[in-house]
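So the protein lines, in turn, are chains A and B.
Per the numbering used here, residue 700 is the first one in the first sequence, and the count goes up by one each step.
Per the numbering used here, residue 96 is the first one in the second sequence, and the count goes up by one each step.
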Amino acid sequence: MRVRHLLSPLVASARDLLPIVVVIAFFQLLVLQQPIPNLGELLVGTLFVMIGLAMFVRGLEMGLFPIGESMAYAFARKGSLAWLSLFAFALGFGTTIAEPALIAVADEAAEVAAAGNMIDTSDEAKAFYANGLRLTVALSVGFAILIGVLRIIRGWPIHYLIIAGYIGVIVMTAFAPPEIIGIAYDSGGVTTSTITVPLVTALGVGLASSIKGRNPMIDGFGLIAFASLTPMIFVMAYGMFI
Amino acid sequence: MTLTERMIELAYTLLATVTDVLPIAVIIFGFQLLVLRKPVPRLKRVLAGFAYVLIGLAFFLEGLEMALFPLGKLMAAQLTDPAFISGITDHVTSFDWWDYRWVYLFAFAIGFSTTIAEPSLLAVAIKANQVSAGSIGIMGLRVAVALGVAVGIALGSYRIISGTPLHWYIIAGYVVVVIQTYFAPRLIIALAYDSGGVTTSTVTVPLVAALGLGLAGTVPGRSVLLDGFGLIAFASLFPIMTVMAYAQLSEWRNRRAKGSN
Numbered sequence: 700m701r702v703r704h705l706l707s708p709l710v711a712s713a714r715d716l717l718p719i720v721v722v723i724a725f726f727q728l729l730v731l732q733q734p735i736p737n738l739g740e741l742l743v744g745t746l747f748v749m750i751g752l753a754m755f756v757r758g759l760e761m762g763l764f765p766i767g768e769s770m771a772y773a774f775a776r777k778g779s780l781a782w783l784s785l786f787a788f789a790l791g792f793g794t795t796i797a798e799p800a801l802i803a804v805a806d807e808a809a810e811v812a813a814a815g816n817m818i819d820t821s822d823e824a825k826a827f828y829a830n831g832l833r834l835t836v837a838l839s840v841g842f843a844i845l846i847g848v849l850r851i852i853r854g855w856p857i858h859y860l861i862i863a864g865y866i867g868v869i870v871m872t873a874f875a876p877p878e879i880i881g882i883a884y885d886s887g888g889v890t891t892s893t894i895t896v897p898l899v900t901a902l903g904v905g906l907a908s909s910i911k912g913r914n915p916m917i918d919g920f921g922l923i924a925f926a927s928l929t930p931m932i933f934v935m936a937y938g939m940f941i
Numbered sequence: 096m097t098l099t100e101r102m103i104e105l106a107y108t109l110l111a112t113v114t115d116v117l118p119i120a121v122i123i124f125g126f127q128l129l130v131l132r133k134p135v136p137r138l139k140r141v142l143a144g145f146a147y148v149l150i151g152l153a154f155f156l157e158g159l160e161m162a163l164f165p166l167g168k169l170m171a172a173q174l175t176d177p178a179f180i181s182g183i184t185d186h187v188t189s190f191d192w193w194d195y196r197w198v199y200l201f202a203f204a205i206g207f208s209t210t211i212a213e214p215s216l217l218a219v220a221i222k223a224n225q226v227s228a229g230s231i232g233i234m235g236l237r238v239a240v241a242l243g244v245a246v247g248i249a250l251g252s253y254r255i256i257s258g259t260p261l262h263w264y265i266i267a268g269y270v271v272v273v274i275q276t277y278f279a280p281r282l283i284i285a286l287a288y289d290s291g292g293v294t295t296s297t298v299t300v301p302l303v304a305a306l307g308l309g310l311a312g313t314v315p316g317r318s319v320l321l322d323g324f325g326l327i328a329f330a331s332l333f334p335i336m337t338v339m340a341y342a343q344l345s346e347w348r349n350r351r352a353k354g355s356n
C-alpha cells in the first residue's frame with residue numbers, strides 16, 4: 700500500500716517525461732547520428748526531474764491550491780473590495796518583479812535597444828533600461844490580476860476584455876518602434892511562473908465558487924490570460940516613451 | 096561532476112527557488128495575518144506543501160540542467176548549423192526554406208514534448224479537471240495544448256527562416272481566436288485563453304530560446320537581436336486555438352453520438 704502510494708506519482712511523471720526522452724534520442728541517434736554523451740548524467744538527471752515533478756504535484760495539492768482557495772473564500776466573506784484589489788495587484792506585481800525568466804528577457808531587451816541606438820550603449824544606461832522594463836511588466840501583471848479579479852466579481856464576459864486587449868496590442872504594434880515588438884510579444888509568455896500559475900488559478904476558481912451566480916468554469920479561469928496580454932501592451936508603450 | 100558537487104549545485108538551485116518564492120510567501124502570509132486576521136486552515140499541511148513544491152522544483156530544475164538542457168540546446172545549435180543543412184541538400188550557396196525541414200520537425204517535437212512535461216500546465220489541467228467534474232480530461236487538455244505549442248513553434252521557426260514580419264502572424268492568429276470564440280462552447284473559453292499563458296515556462300522557454308537564437312544566428316540575413324524573439328509569442332497563441340478546437344470537437348462528437356441513438 701505504502702509502496703504504491705510512493706510509486707504511482709513517480710510512474711506518472713515518468714510518463715510525462717517520456718516524450719522528451721524519445722524526441723532527444725530520435726534526433727541524436729537517427730538525425731544527427733551521434734552517440735548520447737554522458738549517459739550516466741542523463742539518467743540521474745531524468746530521475747531528478749521525475750522526483751521533482753512528483754513532489755511538485757503533491758505540494759500543489761497540499762499547499763498552493765488550498766491556500767489560494769481559502770484566501771479567496773476569506774476575502775469573499777470579508778467583502779472588502781479594496782483589500783481584495785490590493786491583494787490581487789500585490790500578488791501580480793510581487794510574483795513578477797522577481798521572476799528569473801523576466802530578468803533574462805529584460806537584459807536581452809536592453810542589448811537590443813542599445814544595438815538599435817534607442818539608448819546609450821553604456822552599462823548604466825542598459826541596466827536602467829532593463830530595470831524600467833521589469834518594473835513595467837510587473838506593473839502590467841499586477842494590473843492584469845486586478846482587472847481579472849474585478850471581472851470575476853462583476854461577472855463580465857471574458858471575451859470582450861480579451862478582444863479589447865487584442866485591439867490594444869494591434870494598435871500599439873502600429874506605433875511602437877519595430878525593435879521592441881518581438882520582445883513585447885514574448886514578454887506576455889514569460890511572466891507567469893510555475894508557482895504563480897497554480898496560486899492564481901486557485902484564487903480565481905475559489906472566488907468564482909464563493910460568489911453567488913458565478914460559475915467557476917466560466918468565470919474562475921482567465922486570470923492568467925490577462926497576465927499574458929497586458930505586458931505586451933505595456934512593453935510596447937515603454938518602447939515608445941523611452 | 097562528482098556527487099558532492101552535484102549536491103552543492105542542488106542546494107544552490109534550492110536557494111534560488113526559495114528566493115523566487117519569498118515575495119509570494121510574504122504577500123500571502125502578510126495578507127493572511129494583517130488583513131484577513133485568521134489562522135490558515137491546516138497550516139502545517141500547507142507549509143509542508145510549500146516545502147514539497149520548493150524541493151520538487153529544485154530537483155526538477157537541477158535534473159533538467161543535468162540531462163535535457165545541454166543536449167537539447169546543443170541539438171538546436173547543430174540542426175540549425177549551415178554545415179548540417181548543406182549535408183542534406185544539393186543547394187550549395189543559398190538554402191531555401193525546405194532545406195530546414197529537420198528544424199521544423201525538431202521544433203514541433205520539442206514543443207510538444209516539453210509542454211507535456213510543463214508543471215504549470217499540469218497544475219491548470221488538474222484544476223480544470225476538478226472544476227469540470229471530470230468532463231475535461233487532464234491528459235486530453237495537456238495534449239491539446241501541447242499540439243498548439245508544437246504547431247506554434249514550428250510555424251515560428253518558419254517565420255524566422257523566411258524573415259516575414261512577426262506581427263502579421265500574431266494578428267492573423269488573433270482573428271482566428273476571435274472567430275473561434277464565437278463558435279466554441281462557453282465553458283471552455285476562459286480556460287482556452289488561460290492555456291496560452293501557462294504553456295511557456297520552466298521546461299519550454301530555455302529550449303525554445305536556444306532554437307530561436309540558433310536560427311536567427313545562422314540563417315543569412317537574420318539578426319539574433321531582432322529575429323531571435325517571437326517563438327514564445329507563437330507558443331502562447333496557438334494553444335488557445337487548439338484548446339477551443341478540442342472542445343468543439345468533443346461537443347460535436349457528443350452531439351453525433353446522441354443523434355445516432
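Yeah, the Cβ is synthetic: ideal placement off N, Cα and C, and Gly gets one too.
Exercise. Would you be able to state if there are at least three C-beta pairs under 8 Å between the stretch 750–757 of chain A and the stretch 147–167 of chain B?
Key: yes
Quiz item: Buried or exposed: Ser290/B, going by 16 or more other Cβ atoms within 10 Å of its Cβ?
Solution: buried
Practice problem: Check whether the Cβ of Ser230/B lies closer than 7 Å to any Cβ atom in chain E. | Solution: Looking at the structure shown, chain E is missing, and the protein chains on hand are A and B.
Practice problem: Take Met700/A and list the residues in its own chain whose beta-carbon comes closer than 7 Å to its own, dropping the five residues that flank it on each side. | Solution: Confidence is the limiting factor: at Met700/A the pLDDT is only 44, short of 50, which leaves the residue's position unreliable and the question unanswerable from this model.
Quiz item: Distance, Cα to Cα, Leu838/A vs Ser908/A?
Solution: 27 Å
Quiz item: So with Cβ pairs under 7 Å, would you call Tyr375/B a contact of chain A?
Solution: For residue 375/B there is no data in the structure shown, the boundaries of chain B being 96 and 356.
Quiz item: Between which two residues does the alpha helix (DSSP H) carrying Lys825/A extend?
Solution: Asp822 to Arg853
Quiz item: Can you name the start and end residues of the alpha helix (DSSP H) that Thr893/A belongs to?
Solution: That residue, Thr893/A, is in no alpha helix (DSSP H); it is neither H nor E in DSSP.
Exercise. Look at the Cβ atom of Ile274/B, then the Cβ atom of Ile869/A, and state whether they are nearer than 7 Å.
Key: no
Quiz item: Are Tyr227/B and Val293/B close, meaning C-beta to C-beta below 7 Å?
Solution: Looking at the sequence itself, residue 227/B is Ser, so the reference to Tyr does not match. Not in contact: Ser227/B and Val293/B (Cβ atoms no closer than 7 Å).
Exercise. Kindly list, in the order they appear in chain B, the residues whose Cβ is closer than 8 Å to that of Ala789/A.
Key: Ile122 and Phe126
Quiz prompt | Residues near Leu860/A in its chain [Cβ-Cβ closer than 8 Å; skip 5 each side] | solution = Ile846, Arg850 and Phe925
Quiz item: Short check: CB of Gly841/A to CB of Phe792/A, under 7 Å?
Solution: yes
Practice problem: Taking only the alpha-carbon atoms, compute the straight-line gap between Ala305/B and Ala171/B and give it to the nearest angstrom. | Solution: 6 Å
Exercise. Flag Asp819/A as yes if its beta-carbon sits less than 7 Å from any beta-carbon of chain B, otherwise no.
Key: no
Exercise. Note down, in chain order, each residue of its chain lying with its Cβ closer than 7 Å to the Cβ of Gly888/A, except the 5 sequence neighbours on either side.
Key: Ser927
Exercise. Using a Cβ-Cβ cut-off of 7 Å, state whether Tyr269/B counts as contacting chain A.
Key: yes
Self-check item: Chain-ordered residues of the stretch 326–343 of chain B with a beta carbon less than 8 Å from chain A
Solution: Leu326, Ile327, Ala328, Ala330 and Ser331
Quiz item: How many angstroms separate the CA atom of Ala789/A from the CA atom of Ile122/B?
Solution: 7 Å
Quiz prompt | Sub-7 Å separation of Gly875/A and Met935/A beta-carbons | solution = The question names Gly, but residue 875/A is Ala in the sequence shown. Result yes, Cβ atoms of Ala875/A and Met935/A sit closer than 7 Å.
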